[in-house]
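Visitor: Protein chains in written order, with the working numbering: chain Y, 2 to 342; chain C, 2 to 342; chain R, 2 to 342; chain G, 2 to 342. Handing you a structure now.
Number of protein chains: 4
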Amino acid sequence: MLIVMHHSANEQEIEQVKQAVKDMGLQAEPIPGSERTAIGVLGNRGYVDDATIRNLPGVREVIHVSKPYKLVSRDFHPQATVVKVGGVAVGDGQPPVMMAGPCSIESELQMMESAKVVKQAGANILRGGAFKPRTGPHSFQGLGVDGLKLLRQAGDEVGMPVVTEVMRIGQLDDVCRYADVLQIGARNMQNFDLLKEVGKLSHPVLLKRGMSATIEEFLAAAEYIVAEGNDQVILCERGIRTFEKATRNTLDLSVVPLVRSMSHLPIIVDPSHATGIRDLVPVMSKAAMVAGAHGLMVEVHHDPAKALCDGAQSLNGPEFSRLMAELQQLQSCLMSAENSA
Amino acid sequence: MLIVMHHSANEQEIEQVKQAVKDMGLQAEPIPGSERTAIGVLGNRGYVDDATIRNLPGVREVIHVSKPYKLVSRDFHPQATVVKVGGVAVGDGQPPVMMAGPCSIESELQMMESAKVVKQAGANILRGGAFKPRTGPHSFQGLGVDGLKLLRQAGDEVGMPVVTEVMRIGQLDDVCRYADVLQIGARNMQNFDLLKEVGKLSHPVLLKRGMSATIEEFLAAAEYIVAEGNDQVILCERGIRTFEKATRNTLDLSVVPLVRSMSHLPIIVDPSHATGIRDLVPVMSKAAMVAGAHGLMVEVHHDPAKALCDGAQSLNGPEFSRLMAELQQLQSCLMSAENSA
Amino acid sequence: MLIVMHHSANEQEIEQVKQAVKDMGLQAEPIPGSERTAIGVLGNRGYVDDATIRNLPGVREVIHVSKPYKLVSRDFHPQATVVKVGGVAVGDGQPPVMMAGPCSIESELQMMESAKVVKQAGANILRGGAFKPRTGPHSFQGLGVDGLKLLRQAGDEVGMPVVTEVMRIGQLDDVCRYADVLQIGARNMQNFDLLKEVGKLSHPVLLKRGMSATIEEFLAAAEYIVAEGNDQVILCERGIRTFEKATRNTLDLSVVPLVRSMSHLPIIVDPSHATGIRDLVPVMSKAAMVAGAHGLMVEVHHDPAKALCDGAQSLNGPEFSRLMAELQQLQSCLMSAENSA
Amino acid sequence: MLIVMHHSANEQEIEQVKQAVKDMGLQAEPIPGSERTAIGVLGNRGYVDDATIRNLPGVREVIHVSKPYKLVSRDFHPQATVVKVGGVAVGDGQPPVMMAGPCSIESELQMMESAKVVKQAGANILRGGAFKPRTGPHSFQGLGVDGLKLLRQAGDEVGMPVVTEVMRIGQLDDVCRYADVLQIGARNMQNFDLLKEVGKLSHPVLLKRGMSATIEEFLAAAEYIVAEGNDQVILCERGIRTFEKATRNTLDLSVVPLVRSMSHLPIIVDPSHATGIRDLVPVMSKAAMVAGAHGLMVEVHHDPAKALCDGAQSLNGPEFSRLMAELQQLQSCLMSAENSA
């Protein structure tokens with residue numbers, strides 16, 4: 002931590018700050034400059050709360066050097082984490098994972114048809130929402146536990162592990178019984194109690210970035226899970242909120258290489274929620290792969306025009322098959338390029 | 002809902018859209034223009050999901066006219082809602098409510114001292130956090146139920162109703178036992194399960210705006226609570242996330258008159274979290290009152306330099322007393338102005 | 002400047018950074034911590050370009066302590082600047098300035114009527130746009146020099162100094178001939194050539210904040226003007242761009258007390274452009290005054306329903322008179338409060 | 002345009018709105034709904050200014066259907082525009098254009114060395130800044146006309162057309178004499194006078210997206226240029242401003258396929274300014290190509306550690322050569338995929 006004093010701060014103010022640092026059990030190291038004094042804080046082993054210092058007289062600014070996460074950082078843990086989901090491995094050195102399926106589980110027919118479609122096209126994890134977070138209470142809210150059962154049944158039928166969103170602690174027992182991966186949605190990225198609870202479990206977790214979360218907050222949220230003992234965390238970029246309204250959100254692809262350098266956890270991309278526009282899903286899926294994503298999560302519905310949720314961003318079967326073929330081609334191209342390098 | 006067709010959309014595409022609207026049980030009314038056709042959708046009694054229409058061939062854009070909320074809108078419910086908290090009334094025509102107290106409950110001494118300070122200065126609801134949402138897992142997380150008891154005890158001692166944050170459904174029993182108002186924090190504004198649960202209770206709810214929530218989403222979140230039967234909802238603006246980093250968040254005061262015109266629910270302002278800077282709290286408190294806020298929520302600590310949480314934005318006793326005196330003066334000035342108008 | 006090294010940075014990398022700092026003619030002061038080394042940079046007299054250091058091997062982050070402005074900072078220049086516009090003084094200790102008038106100058110009749118309206122209500126500077134920046138080329142672009150003449154004529158008639166926007170260097174001669182204050186619009190806040198040119202003149206300048214400008218960038222833009230010799234700069238907050246679409250922009254009132262503490266220049270608020278909604282203008286005007294604004298800039302049109310530009314956010318005569326009366330009452334209330342304190 | 006009335010709007014208010022529409026020379030078509038009336042506005046041939054209608058009594062909202070641009074829209078002009086720069090063609094069906102070179106022109110040696118580096122690697126347009134927009138006045142501001150001459154000389158030497166930024170109208174003569182493409186920077190995207198002037202010239206224009214510009218505003222800015230007669234406009238995405246601070250800006254790659262569907266103008270991507278981080282430039286360059294960009298603009302310096310501007314985001318020669326080789330491989334892969342489709 003670096004404490005920057007005002008140009009006009011006097012000796013007494015500087016002394017008071019030094020004392021406050023010592024009261025925290027840390028060392029204070031003044032760095033006199035030509036225009037002002039700064040005070041380096043040494044001895045801390047992690048993030049320091051600056052509450053008792055920030056507003057002392059003469060203090061202009063407090064600058065944090067340590068981050069609010071450590072267990073998930075590559076700086077302290079250089080080796081990549083590979084998350085195992087059934088027989089599927091997600092992370093560095095693994096083929097990209099393809100999670101696909103409908104936004105929400107609507108019926109046995111729909112779930113089964115959609116599962117066959119994504120399986121045939123080559124996806125390896127099946128998605129489907131049983132508990133749906135909707136902006137307003139008057140929209141379809143999901144089938145609940147009945148949906149979980151349909152998802153499990155469809156996954157078993159086609160031989161794919163399944164991922165679904167858990168919205169609250171009380172649902173964890175049910176979701177753990179039927180699902181292989183627990184998804185924490187963007188709106189719950191800072192539902193810290195939920196994060197802690199999934200941290201105590203052994204199920205892999207898919208953690209989506211909050212719609213206005215910084216990368217630092219995203220990694221700090223993952224830290225909550227890992228700190229409880231569960232390091233099987235897959236991060237997921239799903240678009241952030243900006244002033245632009247032509248797309249549902251703004252897909253932030255730079256986060257992929259950045260997170261890969263800052264953390265050892267795998268990161269995938271959800272182009273469906275990020276753009277909200279079906280026509281953009283294939284092209285942004287390919288861009289995400291090239292940006293280094295460890296996989297994708299794509300909404301597929303066997304009949305999008307009849308979907309109860311997010312039909313406008315869902316691919317149908319043929320569209321998804323075409324995308325998978327293109328991704329395969331792109332992937333083999335990227336790999337041959339890497340080998341020749 | 003208005004469906005705008007592409008300039009070059011043909012008859013067949015227009016027919017297909019009309020059919021899709023009819024399949025939803027609604028009427029389709031084409032509005033031919035000089036450059037393109039638009040199709041008005043009639044007959045809906047609320048928000049319409051556009052999923053099955055947005056991506057039909059020839060459709061350029063779907064524009065929503067209905068909002069995802071209705072019960073909380075002043076358009077359909079012109080009379081103001083006054084929320085009752087113990088003997089305190091919050092809303093149109095009532096004196097502004099002053100909620101004050103420490104960010105987090107730390108000890109009996111701290112809670113009691115802070116309660117006396119805010120009581121003496123004239124606050125009428127006591128706040129204090131027992132369950133704390135913190136960005137990283139390595140920060141102080143609150144005293145939990147022990148904190149709730151200390152809060153209740155302090156409130157009883159000084160004779161004030163108390164408000165505290167509930168972070169998950171499992172905490173509701175405890176929080177309802179000890180608190181008079183249930184606070185839903187910004188990070189949980191779209192924790193829809195939690196919203197539904199508090200909607201089934203009779204306790205008043207203080208709903209904070211999410212840090213990147215639009216006004217429409219804010220009101221839709223309140224709709225979740227009211228739709229379950231609990232209309233005792235107080236809205237709270239606490240700053241939104243923008244590109245500006247000089248303040249913790251950006252206080253959006255325009256939301257106060259806007260929400261007052263759009264909804265019958267009362268709205269208060271939290272200048273402490275909005276700015277994150279102690280020196281800005283008094284001035285922005287006064288600005289909020291002038292903007293029409295039905296009250297304020299202010300962080301006060303009897304000894305901010307020792308606070309475990311948010312000390313840098315907390316007022317101490319004398320500062321809060323001075324603010325209360327200034328607010329009183331401002332308030333009587335505003336009222337005399339109103340009377341003379 | 003503080004250079005933060007990676008946890009795993011080695012001696013050689015640290016030496017390379019120290020050498021790079023010395024090559025810039027500055028001192029490097031290593032601060033070894035328990036988890037990583039940081040290197041303080043000393044000896045600079047202002048902002049340091051970090052380009053040659055930021056990406057050296059082993060460097061995690063470069064943190065700036067100096068700001069890209071100095072002449073406009075209160076830290077180095079504590080005494081408030083009072084800007085003189087004809088007989089009107091703007092700044093600390095002065096009565097709030099009221100700039101009012103139509104968005105764009107449309108005709109002699111409109112300009113004269115509007116001037117009378119604002120004069121009678123008590124405004125002291127007349128505004129009117131002759132050169133209009135419009136999002137699309139198919140909207141009304143202003144009357145140009147003919148408009149300037151009408152503005153001057155109206156100002157002379159009612160005895161008020163006038164302010165108008167200058168959009169490019171080539172217009173400066175004309176605008177200086179007819180106007181008392183040169184307005185730099187939000188879209189030109191970083192038109193650095195224009196800033197430098199007005200910096201060489203003696204006319205006071207009204208500098209509007211860019212719609213996505215940080216406070217630091219805002220003050221750095223003012224620094225461009227002052228660095229050329231013209232310290233007669235009035236800053237103006239006019240709303241920033243956020244995700245919220247219910248208002249035209251988001252009025253950021255915290256910027257008023259913040260800029261007052263960071264800079265010695267006066268700052269006013271434009272609630273008309275900030276909100277874009279007529280009904281919000283009076284209430285946000287009052288909130289701005291309470292937040293400490295040195296004045297306001299308000300759009301007034303004698304017949305808003307016929308305005309060629311921004312009619313929806315313009316007050317008419319009676320509305321503006323009422324606002325002025327309310328502001329006067331508020332102001333005397335604030336002053337009596339201050340005196341009694 | 003669609004005018005949405007309040008739920009409680011009465012007959013008289015509806016009549017008044019209809020009259021106001023007729024006064025604008027347009028037709029008003031009421032669309033009675035079950036909960037409110039909307040009024041369709043017909044007969045307009047382009048964007049309609051809503052100023053006189055938006056705030057009439059009973060009006061809740063005005064929704065625009067027409068866009069503030071038309072000449073640049075693909076809706077009205079389906080055929081792609083291919084921009085010619087010397088022998089280089091930019092647009093649909095052309096090989097991607099590679100613009101590369103230093104941020105700012107610093108010396109003959111630097112410009113010549115950098116030109117050779119990018120030429121050898123396979124770039125086809127040379128970039129270099131002679132007039133530099135810098136946030137603060139105390140940073141290097143560029144060599145001006147001397148820089149232009151060095152750029153021209155280097156371009157001639159290696160046989161490449163050159164692109165450079167023009168910041169004001171007064172520079173146009175000089176820039177046109179020495180440069181082949183006129184770059185309008187992000188800060189000047191809404192410098193409408195400058196847009197109009199370059200619209201009167203025959204030089205191709207590279208228009209960068211403003212840092213908080215919506216896609217609609219971006220296209221409306223291009224409309225300014227095309228409306229004056231110059232349709233040789235290349236759009237450029239260079240990152241937008243969001244709350245994220247880990248990157249200089251947030252690269253918005255979805256804008257590429259969106260603009261390609263909305264407009265017939267070519268669009269390229271500048272990953273250097275978008276990310277501000279050298280290590281991200283290659284990976285985001287490749288992602289941009291896959292997203293469908295018609296080309297790239299990349300900062301290359303023969304010795305970035307000594308660059309006077311943006312060294313931290315500049316590639317050196319070997320890095321750029323490697324990137325070009327990877328892009329070539331990627332491109333041939335994409336093309337063979339397209340051919341086999």
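C-beta: ideal position from N, C-alpha, C; glycine also.
Under a three-way DSSP split, which group does G129(Y) fall into?
Guide: Coil.
Visitor: Could you check whether S315(G) and R75(G) sit closer than 8 Å to each other, using their CB atoms as the reference points?
Guide: Taking 8 Å as the Cβ cut-off, R75(G) and S315(G) do not qualify as a contacting pair.
Visitor: So Q330(C) contacts chain R; which residues on that side make the cut at Cβ distance below 7 Å?
Guide: Those are A338, listed as they occur along chain R.
Visitor: Relative to chain Y, which residues along the region 283-315 of chain G have a C-beta separation below 9 Å, given in chain order?
Guide: Listed by position along the chain: V284, M285, K287, A288, A289, M290, V291, A292 and G293.
Visitor: I need the boundaries of the beta strand (DSSP E) containing G41(C), first residue and last residue.
Guide: It spans T38 to L43 - the beta strand (DSSP E) in which G41(C) sits, taken as one unbroken run.
Visitor: Could you tell me whether the Cβ of Q191(G) comes closer than 8 Å to any Cβ of chain R?
Guide: Output row for Q191(G): interface = yes.
Visitor: Could you tell me the distance, in whole angstroms, from the CA atom of T82(Y) to the CA atom of A221(R)?
Guide: Their Cα atoms are separated by approximately 44 Å.
Visitor: If you drop the 5 nearest sequence neighbours on each side, which residues of the same chain put their C-beta closer than 7 Å to that of Q172(R)?
Guide: Closer than 7 Å at Cβ, skipping near neighbours: F132.
Visitor: Would you list, in chain order, the members of the region 29-51 of chain C that have their beta-carbon closer than 9 Å to a beta-carbon of chain G?
Guide: If the cut-off is 9 Å between Cβ atoms, the region 29-51 of chain C has E30, I32, P33, G34, S35, E36, R37, A39, G41, V42, L43, G44, N45, R46 and G47 near chain G.
Visitor: Does DSSP classify V256(R) as helix, strand or coil?
Guide: Reduced to three states, the DSSP call for V256(R) is helix.
Visitor: Go through its chain and collect everything with a Cβ distance to A122(Y)'s Cβ below 6 Å, but skip five positions before and after it.
Guide: Closer than 6 Å at the Cβ level, and outside the excluded window around A122(Y), lie F321, S322 and M325.
Visitor: Could you check the C-alpha separation between A29(Y) and D311(C) for me, to the nearest Å?
Guide: When rounded, the distance between both Cα atoms is 22 Å.
Visitor: Drop a sphere of 10 angstroms on the beta-carbon of K23(G), count the other beta-carbons inside from all chains shown, and report buried for 16 or more, exposed for fewer.
Guide: When all chains shown are included, K23(G) counts as exposed.
Visitor: So, with DSSP's three-state summary, where would you put C104(G)?
Guide: Here C104(G) sits in coil by DSSP.
Visitor: When burial is assigned at 16 or more other CB atoms within 10 Å of the CB, is L110(C) buried or exposed?
Guide: Classification of L110(C): exposed, given that the 10 Å Cβ count is below 16.
Visitor: Can you check whether the C-beta of V5(R) is within less than 8 Å of a C-beta belonging to chain Y?
Guide: So yes, V5(R) belongs to the interface.
Visitor: Note down, in chain order, all residues in the region 236-248 of chain G with a beta-carbon under 9 Å from any beta-carbon belonging to chain Y.
Guide: Here the close residues are G240, I241, R242, T243, F244, E245, K246, A247 and T248.
Visitor: What are the boundary residues of the alpha helix (DSSP H) that includes T165(G)?
Guide: First-last for T165(G): V163 to E166, but that is the beta strand (DSSP E), not the alpha helix (DSSP H).
Visitor: Are the beta-carbon atoms of D284(R) and G293(C) separated by less than 8 Å?
Guide: With the sequence shown as reference, residue 284(R) is identified as Val, and Asp is not the correct amino acid for it. In this structure, G293(C) lies closer than 8 Å to V284(R) by Cβ.
Visitor: Would you identify the three-state DSSP class for E238(Y), choosing helix, strand or coil?
Guide: In the structure shown, E238(Y) sits in a strand (DSSP, three-state: E or B).
Visitor: Run through chain R and tell me which residues come within less than 8 Å of L252(C), C-beta to C-beta.
Guide: The contacting residues are D253, L254 and S255.
Visitor: Got a sec? Which residues, its chain only, sit under 8 Å from R249(G) by beta carbon, not counting five neighbours each side?
Guide: Within the same chain, R249(G) has close Cβ partners G240, H274, A275, T276, G277, I278 and Q314.
Visitor: For N221(Y), go through chain C and note every residue whose CB falls closer than 7 Å to its CB, in chain order.
Guide: In the sequence as displayed, the identity of residue 221(Y) is Ala instead of Asn. Per Cβ cutoff of 7 Å: T136 and G137.
Visitor: With 8 Å set as the bound, which would you pick, yes or no: does the beta-carbon of D93(Y) sit closer than that to a beta-carbon of chain C?
Guide: Closer than 8 Å: no.
Visitor: Whole angstroms is fine: what's the gap from M168(C)'s alpha carbon to L208(C)'s?
Guide: Their Cα atoms are separated by approximately 12 Å.
Visitor: Strictly below 7 Å CB to CB, what residues from chain R border D194(G)?
Guide: M168 and R169, listed in chain order.
Visitor: Report the CB separation of D175(G) from V199(G) in whole angstroms; it is logged as a contact under 8 Å.
Guide: D175(G) to V199(G), Cβ: 14 Å. No contact.
Visitor: For Q26(C), count neighbouring C-beta atoms within 10 Å of its own C-beta (all shown protein chains included) and say buried if the count is 16 or more, exposed if not.
Guide: Looking at the sequence itself, residue 26(C) is Gly, so the reference to Gln does not match. That one is exposed.
Visitor: Identify the continuous beta strand (DSSP E) that holds M298(G) and give its terminal residues.
Guide: First-last of the beta strand (DSSP E) with M298(G): G296 to E300.
Visitor: Figure out for me which residue from E300(Y), G318(Y), D232(Y) and H303(Y) has the closest Cα to the Cα of E80(Y).
Guide: A small correction: the amino acid at residue 80(Y) is Gln; Glu does not occupy that position in the sequence shown. With distances taken between Cα atoms, Q80(Y) lies closest to D232(Y).
Visitor: Give the DSSP bridge partners of Q154(G), in chain order.
Guide: None, per the DSSP bridge assignment.
Visitor: Starting from L183(R), follow the beta strand (DSSP E) in both directions and report where the run begins and ends.
Guide: Counting along the chain, the beta strand (DSSP E) containing L183(R) begins and ends at V182 to I185.
Visitor: On a Cα-Cα basis, can you pick out the residue from M6(G), M112(G) and M336(G) that is closest to A1(G)?
Guide: Outside the shown range of chain G (2 to 342) lies residue 1(G), about which nothing can therefore be said.
Visitor: Given a threshold of 16 other Cβ atoms within 10 Å of its Cβ, counted over all protein chains shown, does R178(G) qualify as buried or as exposed?
Guide: Looking at its Cβ environment, which holds fewer than 16 other Cβ atoms inside 10 Å, R178(G) is exposed.
Visitor: Starting from P31(G), trace the alpha helix (DSSP H) in both directions and tell me its first and last residue.
Guide: Careful: P31(G) lies outside any alpha helix (DSSP H), inside the beta strand (DSSP E) at Q28 to P33.
Visitor: Could you check what DSSP says for I54(C) in three-state terms: helix, strand or coil?
Guide: Here I54(C) sits in coil by DSSP.
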